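Residue numbers (my numbering), protein chains in the order written: chain A, 5 to 228; chain B, 37 to 301; chain C, 3 to 310.
Built from N, CA and C at the ideal position, the CB exists for glycine as well.
All values reported here derive from a predicted model rather than from experimental measurement.
One structure is given below, encoded as structure tokens.
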């Protein structure tokens with residue numbers, strides 16, 4: 005196939021964007037699904053682990069150590085190794101992405117639980133809360149801001165990581181990046197990248213909003 | 037894939053030598069990571085110190101970390117390759133360990149934000165009374181920075197560098213996708229030919245390298261951080277040094293994120 | 003007061019999570035329900051390898067089937083044969099477009115330059131397996147070694163065997179799987195031609211990285227695809243004088259349960275029309291005019307009366 009010199013390529017060819025609104029929507033949904041399920045699974049797993057570790061301090065180092073090691077596994081390797089087992093199902097991406105959220109969430113949940121002031125604990129004790137009940141009814145709610153802060157970090161991290169999953173056929177906005185790159189076509193690469201960044205900023209802002217809504221008492225006492 | 041097959045892979049002498057060997061690829065990986073973190077530190081440290089010392093630009097510093105994390109490494113790499121191509125860098129660059137210009141640039145770009153934010157947080161977080169006391173003893177601005185603020189901020193600065201270094205080691209694996217080397221070769225090539233042993237070996241080497249980098253920098257930290265601060269740092273625990281208690285997000289929404297860790301890749 | 007608020011916070015978080023899960027579940031089910039149609043015709047998941055030519059043929063098969071009422075879901079750009087074929091065997095996909103010679107080599111068969119022989123050999127290899135091959139089309143898209151014109155002039159290169167005396171001065175670039183595939187280099191030394199390059203760079207499957215590297219002199223010899231890579235005017239194709247590259251024609255690989263007589267017949271109608279001219283023209287549109295493979299294929303199928 006003989007090709008003449010390829011001349012000029014604008015950053016975004018808007019007619020392409022117009023022609024691809026359907027696919028853009030589909031890729032955004034795929035991207036959000038991978039991020040959303042991974043966050044949800046991450047929270048479902050990290051929360052009980054954190055509560056256990058908080059009660060039984062002995063396992064703290066082990067839990068942080070294991071999740072820390074999981075964190076160092078390169079995502080492409082994890083996707084590629086899962087491919088023969090999970091195939092093209094979304095689990096190929098969701099399983100590794102979930103493991104990445106564990107360290108972030110675990111750290112934040114523990115930090116939130118640790119930061120509950122001693123006098124609050126004593127007061128709770130005085131009111132008859134003890135043991136697991138105190139943990140669930142007093143300490144955990146107080147740790148919510150920290151948990152959501154962890155979710156923010158995890159969400160932004162995953163949104164930036166999902167493009168790699170496009171290399172193993174998982175779809176999402178990374179598909180545009182790779183397609184644009186493979187055809188020396190700037191528009192899809194730019195569109196994919198910009199949408200990922202916007203998604204990350206929006207997710208961060210949204211979770212910040214949630215954080216403020218669920219902790220009205222913190223709004224003005226931010227630096228207290 | 038069994039443990040035995042992984043051991044066999046490592047036991048094969050052919051996998052250690054030559055241009056596709058562990059020695060060569062590991063060395064490429066280490067070199068480009070080291071130079072990228074060094075250059076990023078040289079750029080980020082002065083910026084963080086300046087704004088931290090003058091207690092200005094906190095908005096920028098905090099948001100820089102967020103934006104840094106939001107930028108997809110893969111996209112940056114694709115952009116960089118489009119722009120700079122895959123030509124071998126000039127000899128002098130290769131001598132100092134830069135084997136691929138686009139990879140190097142992306143790694144530097146990803147390594148800067150955590151160092152800037154942590155340096156800023158560390159320096160600007162020094163107790164104003166301590167600074168006043170130092171000034172009262174007749175120290176000038178530069179002296180305050182060098183002899184008071186920098187030592188006090190050193191645990192956070194080091195934490196920032198560690199965060200960046202680990203992220204750099206992980207991200208460098210992506211270079212194989214765009215035709216360069218490093219340990220990512222095993223992962224990407226292994227994927228292309230469905231050789232699970234190779235992928236696993238590559239992942240193991242990258243993980244070990246990341247853990248070693250953490251370890252080495254933790255050691256460096258021991259020498260850099262003044263004795264009096266070490267106890268405090270330990271109370272924070274080496275991981276939590278990046279997420280100090282005081283950064284409880286309940287306290288300040290922005291502050292919660294300013295010292296967060298590592299991007300897996 | 004504080005206690006009440008804490009409860010509020012805990013409940014709000016819980017409610018948020020439940021809501022979140024519901025939204026996700028809704029999204030996911032809407033995504034998958036499209037493939038569980040109750041139409042009389044079955045549904046097929048069509049995969050594709052990760053270069054433009056492969057996408058074109060997968061699209062051509064998929065769209066023609068869709069035109070006949072089959073429910074088609076596409077999984078584009080998955081990877082090389084080594085990745086995609088196992089997914090077909092696992093049933094993750096039902097059909098994809100392959101190339102006969104490349105595939106035969108993957109199955110450890112002995113390819114030749116005769117299209118019919120290669121396809122027959124593929125059929126034999128697949129005997130006993132749960133996979134059916136339909137083809138071949140006459141279009142050819144083979145691996146080939148390219149050099150810049152100035153390199154060709156400098157070393158007087160016309161055919162691949164001319165590389166032998168100078169290979170140790172030259173840098174070779176090809177896909178990541180090159181050293182594992184006999185049709186590329188196979189090992190660090192190309193056995194058939196006895197080529198021992200100074201260095202082998204692993205770049206991409208006939209894509210922009212190989213183009214860039216060839217253009218700026220990072221590599222001297224590049225592996226590109228004759229039918230679906232960007233071949234610039236100053237590239238010289240080195241003639242494959244010893245016949246390293248087998249006949250490499252488009253074929254469809256289908257999971258047996260899905261390969262009904264009708265499906266095979268429909269695929270055959272596509273293959274009879276798919277010649278090199280059509281294939282090259284489509285690839286050109288994808289690279290040069292930046293059109294989507296699916297759009298390009300739709301236009302071609304319509305022109306040939308394969309879909310309405």
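Requested in this report: Note the first and the last residue of the continuous alpha helix (DSSP H) segment covering residue 150 of chain A.
Outcome: 144-169
Query raised in the report: So residue 213 of chain B and residue 171 of chain A are in contact, right, with Cβ under 8 Å, and what is the actual spacing, rounded?
Result: 7 Å
**Report entry** The alpha helix (DSSP H) enclosing residue 247 of chain B, as first and last residue numbers
**Finding:** 232-260
Query raised in the report: When you compare only the Cα positions, how much space is there between residue 55 of chain A and residue 147 of chain A?
Result: 11 Å
Requested in this report: Compare the C-beta of residue 100 of chain C with all C-beta atoms of chain B and state if any pair is closer than 8 Å.
Outcome: no
**Report entry** Given residue 251 of chain C as reference, the closest of C:233, C:278 and C:243 once Cα atoms are compared
**Finding:** C:278
Query raised in the report: Is it right to say residue 145 of chain C is buried, meaning 16 or more other beta carbons lie within 10 angstroms of its own, or is it exposed?
Result: buried
Query raised in the report: Just by C-beta distance, which residues in the stretch 175-187 of chain A are closer than 7 Å to chain B?
Result: 178, 181 and 185
Requested in this report: Compare the beta carbon distance of residue 227 of chain C and residue 203 of chain C with 8 Å and say whether it is the shorter of the two.
Outcome: no
Requested in this report: Have a look at residue 46 of chain B and residue 233 of chain B and give me their C-alpha separation to the nearest angstrom.
Outcome: 9 Å
Query raised in the report: Measuring CA to CA, which of C:94, C:88 and C:98 is closest to residue 59 of chain C?
Result: C:98
Requested in this report: Check each residue of the stretch 58-84 of chain A: if its Cβ is closer than 9 Å to any Cβ of chain E, include it; give the result in chain order.
Outcome: Absence of chain E from the displayed structure is noted, the protein chains being A, B and C.
Report task. Output the distance between the C-alpha atoms of residue 147 of chain B and residue 103 of chain B, rounded to the nearest integer angstrom. Result -> 12 Å
Query - Rounded separation between residue 129 of chain B and residue 256 of chain B - CA only - result: 26 Å
Requested in this report: For the alpha helix (DSSP H) holding residue 154 of chain B, just list the boundary residues, first then last.
Outcome: 137-160
Report task. Mind the definition here: the stretch 156-166 of chain C touches the stretch 180-189 of chain C only if three or more C-beta pairs lie below 8 Å; say whether that holds. Result -> no
Query raised in the report: Candidates C:125, C:123 and C:257: which alpha carbon is nearest residue 133 of chain C's?
Result: C:257
Query raised in the report: So, helix, strand or coil for residue 254 of chain C, using DSSP?
Result: strand
Query raised in the report: Mind checking residue 50 of chain C: buried by the 16 CB within 10 Å criterion, or exposed?
Result: buried
Query raised in the report: Which partner residues of residue 45 of chain C appear in the DSSP bridge assignment?
Result: C:73
Query raised in the report: Going along chain B, which residues have a C-beta under 7 Å from residue 167 of chain A?
Result: 108, 110 and 111
Requested in this report: Using a Cβ-Cβ cut-off of less than 9 Å, give me the residues of the stretch 225-243 of chain B that come near chain C, in sequence order.
Outcome: 225, 227, 228, 229, 230 and 231
Query raised in the report: Are three or more beta carbon pairs between the stretch 72-85 of chain A and the stretch 145-161 of chain A nearer than 8 Å?
Result: no
Requested in this report: Measure the C-alpha to C-alpha separation of residue 98 of chain A and residue 155 of chain A and round it to an integer number of angstroms.
Outcome: 16 Å
Query raised in the report: Which class does residue 173 of chain C belong to by DSSP, given the choice of helix, strand or coil?
Result: strand
Report task. Check distances from the C-beta atoms of the stretch 28-45 of chain A to those of chain C and list, in chain order, the residues that come in under 9 Å. Result -> 30, 33, 34, 36, 37, 40, 41, 43 and 44
Query raised in the report: Is residue 48 of chain B close to chain A, meaning its C-beta is less than 8 Å from at least one C-beta of that chain?
Result: no
Query raised in the report: For residue 192 of chain B, which of B:162, B:228 and B:121 has the nearest alpha-carbon?
Result: B:162
**Report entry** Bridge partner(s) assigned by DSSP for residue 97 of chain C
**Finding:** C:48 and C:256
**Report entry** Min CB distance residue 82 of chain C to chain B below 8 Å
**Finding:** yes
Query raised in the report: So, do the stretch 192-207 of chain A and the stretch 134-145 of chain B have three or more beta carbon pairs nearer to each other than 8 Å?
Result: no
Report task. Determine the direct distance from the alpha carbon of residue 62 of chain C to that of residue 1 of chain C, and round the result to whole angstroms. Result -> Residue 1 of chain C lies beyond the range of chain C shown here (3 to 310); nothing can be said about it.
Query raised in the report: Who are the near neighbours of residue 208 of chain B in its chain, counting only those whose CB is closer than 7 Å to its CB and skipping five residues on each side?
Result: 65, 68, 69, 139, 143, 218 and 220
Requested in this report: Compile a chain-ordered list of the residues in the stretch 188-209 of chain B whose CB is closer than 7 Å to at least one CB of chain A.
Outcome: 206 and 209
Query raised in the report: From residue 281 of chain C to residue 101 of chain C, what distance separates their C-alpha atoms?
Result: 13 Å
Query raised in the report: Which residues in the same chain have their Cβ closer than 6 Å to the Cβ of residue 48 of chain C, if we skip the five residues on either side of it in sequence?
Result: 60, 64, 74, 76 and 97
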